[in-house]
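When the letters of the sequence shown are read in order and numbered with my numbering, they come out as residues 3 to 250. The C-beta atom is built at its ideal place from N, Cα and C for all residues, glycine as well. Please read all numbers here as calculations on a predicted model, not as lab measurements. Written below as structure tokens is the structure these notes are about.
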Amino acid sequence: MTDPQAPRVVVVTPTYNERENLPVLAGLLAGLEVPGLRLLVVDDNSPDGTGEVADKLAAESPDRVAVLHRTEKDGLGRAYVAGISRALVDGADIVVQMDADLSHPASVIPEMLRLLQTTDAGVVIGSRYVTGGSAAGEWAWHRRLLSAWANAYVNVILRLQVKDATAGFKAWRADTLRRIDVGSIRSNGYAFQVEMNHRTVRAGIKIIETPIRFEERNEGRSKMTLGVQLESALMPWRLLFGRRHGHG
């Protein structure tokens, strides 16, 4: 039975061609000792049938899984905005951002929630780059280099003081998401993660990082396209320019 005093925790997971991974992720989340945790799948009309797999999971466990179907595929950021907005409308107290590809360890979620509930942080980031954090040995060297460079680049320009500024594994207080007006964010890909962090820092909200082991994608293909890389490179400058002119 769900503890009525427990916070309502919703894990928002965008999907595109993740039919193999999604049932595994749902099983991992169901096995966590987190009362009332729900998974909200945001599927962008996956041609591989991920949406149908999600619907089946929701039919089997309506108290644990819900699905938001989107007819267009217009990027990770837009999918997250849609999912997070739905979670807030549905009364979530805490929203967890998490990839569907099993690169983020579900086992760390209870610790992320504990930190959120016992500190004054507005968001807890699952971080590869704090003490104790790591990436799997099979993670390609060029992706390691790109990730390390991107984090250094973002922090030099925006001075976020967040070691894993491009991370996509985060637990947010609902009031933090409202304060940063997540629904108005228009950036996509990894730039979306950076903009969320930037707005959080600008609002004076505390960010905590907790170590995770990041795994290489187990199924499917990476979605780090050239367009995503370009937007990610330009985003810090757009945010900096906007800040100096009183916007953002």
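- Taking 4 residues as the shortest admissible run, the segment 20–61 contains the following complete alpha helix (DSSP H) segments, listed from N- to C-terminal end: 23–32.
- DSSP places R181 in the helix class (H, G or I) of the three-state scheme.
- Nearest C-alpha to R188 among E197, V44 and E211: E197.
- Cβ neighbours of V132 within its own chain (closer than 8 Å, five residues either side excluded): K165, D166, E211, T212 and P213.
- Take S63, set aside five residues on each side of it, and the residues of its chain with a beta-carbon closer than 8 Å to its own are A28 and A32, in chain order.
- Under the 10 Å beta carbon count, R116 is surrounded by fewer than 16 other beta carbons and is classified as exposed.
- With contacts defined as CB atoms closer than 8 Å, Q99 and V14 qualify as a contacting pair.
- According to the DSSP assignment, P16 belongs to the beta strand (DSSP E) that extends over V11 to T17.
- Setting aside the 5 residues that flank it on each side, A81 is surrounded in the same chain by P16, V44, D46 and R72, each with a C-beta closer than 7 Å to its C-beta; the list follows chain order.
- In summary, Q163 is exposed, with fewer than 16 beta-carbon neighbours lying within 10 Å of its beta-carbon over all protein chains present.
- G191 places its beta carbon 8 Å or farther from that of V83.
- Separation of R201 and I182 (C-alpha to C-alpha, rounded to the nearest whole angstrom) is 6 Å.
- Taking G93 as reference, the option from L42, A102 and G53 with the minimal CA-CA separation is L42.
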